[in-house]
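Participant: Quick one: structure below, then a few questions.
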Amino acid sequence: MKSIPIRVAIVDDEPLARLALRTRLENRPGFELVAEYGDGDTAVEGLAALRPDLVFVDVEMPGRSGLEVLRALPSDSRPMAVLVTAYDSFALQAFDLAALDYLLKPVDDERLDEALDRARRAFPWRRQSDATQPAPWIQTFTVRAGASTVLVRTSEVERIESDGDYATLYVSEKTYLVRERLHQLAMQLDPLQFQRVHRSAIVRIDMVAELRALTNRDAMLRLRDGRLLRASRTYMPALREALERHNAR
């Protein structure tokens, strides 16, 4: 049976930004671009009528902002949203919009693929009529420890680091190797609890004790166990939003 494509709209006041995203989407199977909008007012009308599955929205636009566009749409028909911005911080007002991801301009190919993978994973649940469907995030890892098989709850994992085609789970004083790439794991973890901070690392949000901005728009993270990790600028918008949401609880 042929799979249903995810219908995508782009909202951005910059023609070149729309063109760049449109060109990239043409090479990603399973996604169908159905509309582009260059301003917020037109976007609200068009999105309400067209009801796409996924929308890439520029946060900062003249007139009605990207956040205002999403907020103007009924929550029960609001599309999955990926927020795109030239800045690496977000206001608390973005929380209730439940964005899938936050991309920093210029958009990195790897980060775009992560956002699209997240949309693919969320899409089947979005189509369910039963609102009580559980979120599609993994709750446990099945790992080998010597001759034994161990179940590790995701809530116990403090950070995950890349190890070639594998990944290492850090659980208190123990480490476990899982046969999966970091990129694949990032798509399976609840973004409210875990965030990828670098191509080689994922951290549990409540493990971050301090974030210190660096001059190149990267950041240095100090974890609660004292470890220092560098956070790449391309992951900073989603990380800042997740930290603000966590602190607001």
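Numbering (UniProt numbering), first residue to last: 1 to 249.
Idealized CB from N, CA, C, for every residue including glycine.
1) Could you give the distance in angstroms between the alpha-carbon of Arg224 and the alpha-carbon of Phe141?
2) Pull up the CB-CB distance for Val69 and Val11, whole angstroms please, since I reckon it's below 8 angstroms.
3) Whole-angstrom Cβ separation of Pro182 and Ile202, contact assumed at under 8 angstroms?
4) Between the alpha carbons of Tyr235 and Pro191, how many angstroms are there, rounded?
5) Sort Thr23, Ala167 and Ala9 by Cα distance to Leu185 and report the nearest one.
6) Taking Leu44 as part of the alpha helix (DSSP H), name the residues at either end of that continuous run.
7) Restricting to runs no shorter than 3 residues, where is the beta strand (DSSP E) found entirely within the segment 148 to 182?
8) From the DSSP secondary-structure annotation, give me the bridge partner or partners of Gln195.
9) Rounded to whole angstroms, what is the Cα-Cα separation between Gly38 and Pro62?
10) With which residues is Ile10 paired in a DSSP beta bridge?
11) Just grab the DSSP bridge partners of Val107 for me.
12) Decide if the segment 33 to 48 is in contact with the segment 9 to 24; the criterion is three or more beta carbon pairs, one per stretch, under 8 angstroms apart.
13) For Thr85, report the span of its beta strand (DSSP E) as first-last.
14) By the three-class DSSP mapping on this structure, what secondary structure does Thr132 have?
15) Quick one, are the C-beta atoms of Met187 and Arg118 less than 9 angstroms apart?
Facilitator: In terms of the structure at hand:
1) Whole-angstrom Cα-Cα distance: 23 angstroms.
2) Yes, Val69 and Val11 are in contact; Cβ-Cβ is about 6 angstroms, under 8 angstroms.
3) The sequence as given places Leu at residue 182; Pro does not occur at that position. About 7 angstroms separates the two Cβ atoms, so the contact holds.
4) The straight-line gap from Cα to Cα measures roughly 12 angstroms.
5) Out of Thr23, Ala167 and Ala9, Ala167 has the C-alpha closest to the C-alpha of Leu185.
6) This sequence places Val at residue 44; Leu is not what is there. Start and end: Gly40 to Leu50.
7) Within the segment 148 to 182, the complete beta strand (DSSP E) segments at least 3 residues long are 148 to 153, 159 to 163, 166 to 171 and 174 to 178, listed from N- to C-terminus.
8) Bridge partners of Gln195: Val203.
9) About 10 angstroms.
10) The bridge partners DSSP lists for Ile10 are Glu36 and Phe56.
11) Residue pairing from DSSP leaves Val107 without any beta-bridge partner.
12) With contact defined as three or more Cβ pairs closer than 8 angstroms, the segment 33 to 48 and the segment 9 to 24 are in contact.
13) Per DSSP, Thr85 belongs to the beta strand (DSSP E) from Met80 to Thr85.
14) The predicted position of Thr132 is uncertain, since its pLDDT is 45 and thus under 50; no value can be drawn from it.
15) In this structure, Arg118 lies closer than 9 angstroms to Met187 by Cβ.
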